[in-house]
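Worksheet: one structure, shown below.
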């Protein structure tokens, strides 16, 4: 009887391992699905003699749910077409989910705070 119980326990354990392995692969995300990016503009300080505000722009990029070797990159300005890049994380390689941020130096704005270049996020595997 103990041999039958051991066999049944072994079969059950194997079935659970196979079930867990297939569930993990079924829920795995591609890099494109796991990638996210965005930007925000924040007030940094106010100039005392002119009452104008200094602003910074932060670009961020990261992954959520991707655990293979990859990189993410966040920039303010587009490095792929020769534009000036104001802030850049460069390629940040990792095996885990992580978010990277690139923040500009404070910029004195004349009433409008939208004088920054566009923020970009990039991802890849090599």
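In mature numbering (1 follows the signal peptide of the UniProt record, and there is no 0), the protein residues as written are -28 to -1, 1 to 98. Glycine residues also receive a C-beta, built at the ideal position from the N, C-alpha and C atoms.
* Counting only the same chain and skipping the five closest in sequence on each side, list residues whose C-beta sits under 6 Å from that of residue 1. => Position 29 of the chain shown, counting from 1, holds the residue named residue 1. For residue 1, where only same-chain residues beyond five positions count, the Cβ hits under 6 Å are 37, 38.
* Asked: Nearest to residue 46 by alpha carbon, out of 34, 54, 40, 66?
  -> Position 74 of the chain shown, counted from the start, is the residue given in the question as residue 46. Measuring from the Cα of residue 46, the nearest candidate turns out to be 34.
* Is the stretch 42 to 60 close to the stretch 16 to 23, with three or more CB pairs under 8 Å? -> In this structure the stretch 42 to 60 does not lie against the stretch 16 to 23, because fewer than three pairs of beta carbons, one per stretch, are closer than 8 Å.
* N- and C-terminal bounds of the alpha helix (DSSP H) containing residue 6 -> If you number the chain shown from 1, residue 6 lands on position 34. The continuous alpha helix (DSSP H) containing residue 6 extends over residues 3 to 6.
* Report yes if the C-beta distance between residue 28 and residue 73 is below 7 Å; otherwise report no. => To locate residue 28, count along the chain shown from 1; it is residue 56. To locate residue 73, count along the chain shown from 1; it is residue 101. For residue 28 and residue 73, no; Cβs fall outside 7 Å.
* residue 76: which of 63, 51, 96, 13 sits nearest, CA to CA? -> By one-based count along the chain shown, residue 76 stands at place 104. With distances taken between Cα atoms, residue 76 lies closest to 13.
* Drop a sphere of 10 angstroms on the beta-carbon of residue 49, count the other beta-carbons inside from all chains shown, and report buried for 16 or more, exposed for fewer. => Taking the chain shown and counting its residues from 1, the one referred to as residue 49 is at position 77. It counts as buried.
* Going by Cα to Cα distance, which pick from 94, 59, 80 is closest to residue 18? -> On the chain shown, residue 18 is found 46 positions in, with the first residue counted as 1. Each of 94, 59, 80 was checked against the Cα of residue 18, and the nearest Cα belongs to 80.
* Asked: Near residue 95, what residues of its chain come up, given a Cβ to Cβ distance below 8 Å and the 5 sequence neighbours on each side ignored?
  -> By 1-based counting over the chain shown, the position of residue 95 is 123. Counting only Cβ-Cβ distances below 8 Å, and skipping sequence neighbours, we find 3, 4, 7, 33, 35, 42, 43, 44, 45.
* Tell me whether residue 35 sits in a helix, a strand or coil according to DSSP, three-state version. => Your numbering for residue 35 matches position 63 in the chain shown. Judged by DSSP in its simplified three-state form, residue 35 adopts strand.
* Thinking C-alpha only, which one of 11, 16, -27, 40 is nearest residue 97? -> As a first step, residue 97 must be located in the chain shown, where it is residue number 125. Sorting 11, 16, -27, 40 by C-alpha distance to the C-alpha of residue 97 places 40 at the top.
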